[in-house]
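Reading the sequence shown from the start, the letters are residues -17 to 309 in this note's numbering.
Cβ atoms here follow ideal geometry from the backbone N, Cα and C, with glycine treated the same way.
Source: prediction; values computed, not measured.
Here is the structure we will look at.
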Amino acid sequence: MAGGLHHGDLDTAPAPRGQNVINYFRENALDSIIVIINAGAGQGYCGGWTAALAEKFRSHGVEPDITLAKSGAEMVARVEQAVADGAPLVVAGGGDGTINAVASALVGSATRLGVLPLGTLNHFAKDLKIPLDLDAAVANVVQGRVCKVDVGEVNGRIFLNNSGLGIYPDIVRDREQQQRHLGRSKWPAFGRALFAALRRFPFMSVRLKINGEEHLRRTPFVFIGNNEYLQGLTLGARERLDSGNLCLYVAQKPTRLGLLRYGLHAMLGKLGEARDFDVLSAPELIIETLHHHMRVATDGEVSLMKPPLCYRSRAAALSVIVPGQEG
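Structure, rendered in structure tokens:
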């Protein structure tokens, strides 16, 4: 892939363009594409917008079966039904959390994932060079090729981009509560949550088991990437998604100013610019702590998990439609 992205063996050739595209999709049982949009995000994905999206797919010779999912449960149920029906392709439209929810139900199956990046950051799409423009993203779904990528897993929960412990899930949880209960918009809520975290100045003690060694750390932040994030560049920049490794970043004990920097970098998607990290890479790792439960962020969604936290890379477990041909 352009931009240096490596990938596993392709399990299909790219679809031809032009007048042969309709015949290609009929021959490959793709004359109808299942499209799932996160309508619960409040972006007005209904009425004219949905009709316009359908026309974009029809212009490429395929008929979309569009579901406007109003909840995560509805979204997952639709994906699971598609997999049970043997659907060859499911398209997810939304931000990284939406893409994660759909992909989690596809991992290990023969059903491929198409991506319409409709979120704010769209880290997964950017790493795979999937176009952010909607017209181009639809064209990629129809005309792209299949690339097998790794996914990360922690205690059975899938993540495509990263997982975090410490200050990041605390800030996300606080921000979401403010948005839900107080009606604040995302960034003002984030600012209040960040300063609340700074007042608490939280640290946690963890035992890291990785590559046959143990490391004891007292830290405000632990970050686990699905493959390696480029140091010194923005978080969301990974050279490859098929190394079969997770990358562990452990923040060393900072000052309050350093903690502010971690929080800002994490929320803005630029954690790779933060300094003072221990960096380790492995296909699996274990994080132990004396806490009975830990808040764990996976692709920006926060869950309560019981330690030990068992992380592993599931190599080449997800097939994604990406642009271009092998060069």
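In this structure, what does DSSP give as the bridge partners for residue i?
{"i": "Phe203", "result": "Gly148"}
{"i": "Ala51", "result": "Asn20"}
{"i": "His197", "result": "Leu190"}
{"i": "Met287", "result": "Met276"}
{"i": "Val232", "result": "Val204 and Asp260"}
{"i": "Tyr293", "result": "Val136 and Leu267"}
{"i": "Gly226", "result": "DSSP output for Gly226 lists no bridge partner at all."}
{"i": "Val304", "result": "Arg127"}
{"i": "Ala74", "result": "Ile18 and Val97"}
Can you name the start and end residues of the alpha helix (DSSP H) that residue i belongs to?
{"i": "Ile81", "result": "Asp78 to Leu88"}
By DSSP, does residue i sit in helix, in strand, or in coil?
{"i": "Gly22", "result": "helix"}
{"i": "His275", "result": "coil"}
{"i": "Thr32", "result": "helix"}
{"i": "Glu9", "result": "Note that Glu9 has pLDDT 45, beneath the 50 cutoff, so the model's placement of it is unreliable and the number below is only indicative. Reduced to three states, the DSSP call for Glu9 is helix."}
{"i": "Asp117", "result": "helix"}
{"i": "Ala64", "result": "helix"}
{"i": "Glu37", "result": "helix"}
{"i": "Asn209", "result": "coil"}
{"i": "Ala107", "result": "helix"}
{"i": "Val44", "result": "coil"}
{"i": "Ala59", "result": "helix"}
{"i": "Thr216", "result": "Residue confidence for Thr216 is low, a pLDDT of 45 falling below 50, so the modelled location carries little weight; the figure read from the coordinates is stated next. In this structure, Thr216 counts as coil in the three-state DSSP scheme."}
{"i": "Ser91", "result": "coil"}
Report the option in the options whose CA atom is closest to the CA atom of residue i.
{"i": "Cys129", "options": "Thr80, Arg40, Leu223 and Thr102", "result": "Leu223"}
{"i": "Leu95", "options": "Leu262, Leu114, Glu37 and Val61", "result": "Val61"}
{"i": "Ser285", "options": "Val123, Met276 and Tyr293", "result": "Met276"}
{"i": "Arg296", "options": "Val136, Ile192 and Pro305", "result": "Val136"}
{"i": "Phe259", "options": "Ala119, Ala233, Ala85 and Thr271", "result": "Ala233"}
{"i": "Ile268", "options": "Asp281, Pro289 and Ile48", "result": "Pro289"}
{"i": "Gly79", "options": "Ala64, Pro305 and Met57", "result": "Met57"}
{"i": "Ala279", "options": "Ala92, Gly146, Val65 and Pro265", "result": "Gly146"}
{"i": "Ile15", "options": "Pro113, Phe39, Thr32 and Asp132", "result": "Phe39"}
{"i": "Arg294", "options": "Glu283, Gly138 and Arg189", "result": "Gly138"}
{"i": "Ile48", "options": "Gly68, Pro184, Lys191 and Val72", "result": "Val72"}
{"i": "Gly75", "options": "Leu116, Met186, Ile206 and Glu266", "result": "Leu116"}
{"i": "Arg127", "options": "Gly30, Ala85, Leu110 and Gly77", "result": "Leu110"}
{"i": "Glu221", "options": "Met287, Asn209 and Leu142", "result": "Asn209"}
Beta strand (DSSP E) containing residue i: first to last residue?
{"i": "Lys130", "result": "Arg127 to Val136"}
{"i": "Phe259", "result": "Phe259 to Ala264"}
{"i": "Phe141", "result": "Arg139 to Phe141"}
{"i": "Leu95", "result": "Arg94 to Pro99"}
Exposed or buried, residue i, counting other C-beta atoms within 10 Å across all chains shown (16 or more means buried)?
{"i": "Ser53", "result": "exposed"}
{"i": "His105", "result": "buried"}
{"i": "Val261", "result": "exposed"}
{"i": "Ile201", "result": "Strictly speaking, residue 201 in this sequence is Thr, with Ile absent from that position. Result: buried."}
{"i": "Ile303", "result": "buried"}
{"i": "Thr102", "result": "exposed"}
{"i": "Cys28", "result": "exposed"}
{"i": "Leu98", "result": "buried"}
{"i": "Ser41", "result": "exposed"}
{"i": "Ser91", "result": "buried"}
{"i": "Asn193", "result": "exposed"}
{"i": "Leu228", "result": "buried"}
{"i": "Gly134", "result": "buried"}
{"i": "Ser315", "result": "Outside the displayed span of the chain (-17 to 309) sits residue 315, for which this structure offers no information."}
{"i": "Gly68", "result": "exposed"}
{"i": "Leu198", "result": "exposed"}
{"i": "Glu9", "result": "With a pLDDT of 45 at Glu9, under the threshold of 50, the predicted position of this residue should be treated as unreliable, and no value is reported."}
{"i": "Leu291", "result": "buried"}
I want to check one thing, is the minimum distance from the CB of residue i to the heavy atoms of the ligand ADP below 7 angstroms?
{"i": "Arg220", "result": "Among the components of this structure there are no ligands whatsoever, and the ligand ADP is therefore not found."}
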